[in-house]
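Visitor: Mind looking over this structure? Questions follow.
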Amino acid sequence: MALVGGVGGAKLAHGLAQILAPEQLTIIVNTADDFDLYGLRICPDSDTIMYTLAGLVDKSNGWGIGGDTTHMLGALRRYGQDTWFRLGDQDMATHVLRTSWLRAGCTQTQVTARLAAALGVRPQILPMSDEPVATLIDTVEYGELAFQHYFVRYRWQPTVKGLRYVGAEQARLTPQVTAALAKADVILIAPSNPWLSVAPILAVPGMRAALVARPIPRVAVTPIIAGQAVKGPAAKLMVELGYLPSAAAVAAYYGDLINGFVYDKRDSGLSFPALRAVALDTWMQSEGDRVILAREILTWIEGF
Ligand code: FO1
């Protein structure tokens, strides 16, 4: 089982999907980046993973569909709309169908399964919950911002003072997530942003306790290499929240959730006294690197 959010997480999930049988891989995905736009429900992390595993993703962005056009955005601009969130025309089909199926009474878990199956994605992609949860970011410059406004509209430049995962307290574990947690033989936390992508998953009541209760390898992969994030705001956010931007601080943040940690070989000076830890090349620059890293992690875990 892998806990995943964002582009870095999708890359490792893609590597895992190429070496594991579909029934051996369940992906729990962050839904706290989800939001409504133009009356449609947009689920960026879920779609990023789905498109990546389907081989459809835009390879330079890491999100959206490769080769997609943006005619609809042009038409929205003609109506005077500020089109700061770039929705592709093909991508729109996903949001239109998702929204109509949700309105017809399907759960987000059902909708995600239906979309993924239609695209030929075989590993199970499970939303962390079927109830809506939304990350809100308190910033020095603009006060509290909805996640996509902070991340996309303001390109994660505002200074972060704090985070809230609204709705998390009312969210429930789905039967599908509960069953997956019970049968997992390894829990892998992808190199996703710990505060923006993984923390909302852990904020679903019962999630963290259910993970910690499993006497199996629970391994996180660092999103920080040599004090920097490969992509996105992880290192900047850590400084703003008062942490040192290092893999050691990430491991400490996860605490007893994990019993193993994969850090980058460029950080060979670091030590993780209370954990089993391994230094690997975690920087997935090519598609081949994803498979190599996934295989090295699984091989290391076999000797746990
Ligand atoms: N990220 C951007 O930086 N700019 C965009 O315009 C943008 C559009 C977008 C459309 C659909 C989608 O599924 C994802 C999209 N993303 C965009 C990525 C995304 O919002 C973030 O990477 C994640 O939410 C953070 O994990």
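Number 178 in my numbering belongs to position 178 of the sequence shown; there are no gaps in the numbering. We treat Cβ as the ideally placed atom computed from N, Cα and C, and that holds for glycine.
Output needed for V212: all residues of its chain with C-beta closer than 7 Å, excluding positions within five of it in sequence on either side, in chain order.
Guide: D256 and L257
Visitor: So, does the stretch 66 to 86 touch the stretch 94 to 105, judging by three or more C-beta pairs under 8 Å?
Guide: Taking a contact to require three or more Cβ pairs closer than 8 Å, the stretch 66 to 86 and the stretch 94 to 105 do not qualify as touching.
Visitor: Give me, in chain order, the residues of the same chain whose beta-carbon lies closer than 7 Å to that of R153; leave out the 5 immediate sequence neighbours on both sides.
Guide: W84
Visitor: Cα separation between T299 and R266?
Guide: 20 Å
Visitor: From the DSSP output, read off the bridge partner residues of E240.
Guide: In the DSSP assignment, no residue is bridged to E240.
Visitor: With a cut-off of 8 Å on the beta carbons, I'd call P200 and T135 a contact; round off their distance for me.
Guide: Right, their Cβ atoms sit about 6 Å apart.
Visitor: For V4, does the count of other Cβ atoms within 10 angstroms reach 16, so buried, or fall short, so exposed?
Guide: buried
Visitor: Around the Cβ of V221, are there at least 16 other Cβ atoms within 10 angstroms (buried) or fewer (exposed)?
Guide: buried
Visitor: Count the other C-beta atoms from every protein chain shown that fall within 10 angstroms of the C-beta of G105, then say buried if there are 16 or more, exposed otherwise.
Guide: exposed
Visitor: Can you check which of these residues, D45, A118, G288 and D91, is closest to F151 by C-alpha distance?
Guide: Ranked by Cα distance from F151, the first of D45, A118, G288 and D91 is D45.
Visitor: Are there any heavy atoms of the ligand FO1 lying less than 6 Å away from the beta-carbon of F85, as far as the coordinates show?
Guide: yes
Visitor: Could you tell me how far apart the beta carbons of H95 and R41 are, in whole angstroms, since I believe they sit closer than 8 Å?
Guide: 7 Å
Visitor: Compute the minimum distance between the beta carbon of P191 and the heavy atoms of the ligand FO1, and state whether it is under 6 Å.
Guide: No - the ligand FO1 has no heavy atom lying nearer than 6 Å to the Cβ of P191.
Visitor: In the stretch 37 to 112, which residue ranges form an unbroken alpha helix (DSSP H) of at least 4 residues, counting only runs that do not cross its ends?
Guide: 44 to 54, 71 to 78 and 89 to 103
Visitor: Look at V250 and G15 and say whether their C-beta atoms are less than 7 Å apart.
Guide: no
Visitor: Is any non-hydrogen atom of the ligand FO1 found closer than 6 Å to the C-beta of P44, if you look at the structure I gave you?
Guide: yes
Visitor: Expressed to the nearest angstrom, what Euclidean distance is found between the alpha-carbon atoms of V219 and R295?
Guide: 14 Å
Visitor: Which of the three DSSP states is assigned to D264 in this structure?
Guide: strand
Visitor: Report whether the distance from the Cβ of W63 to the nearest heavy atom of the ligand FO1 is below 6 Å.
Guide: yes
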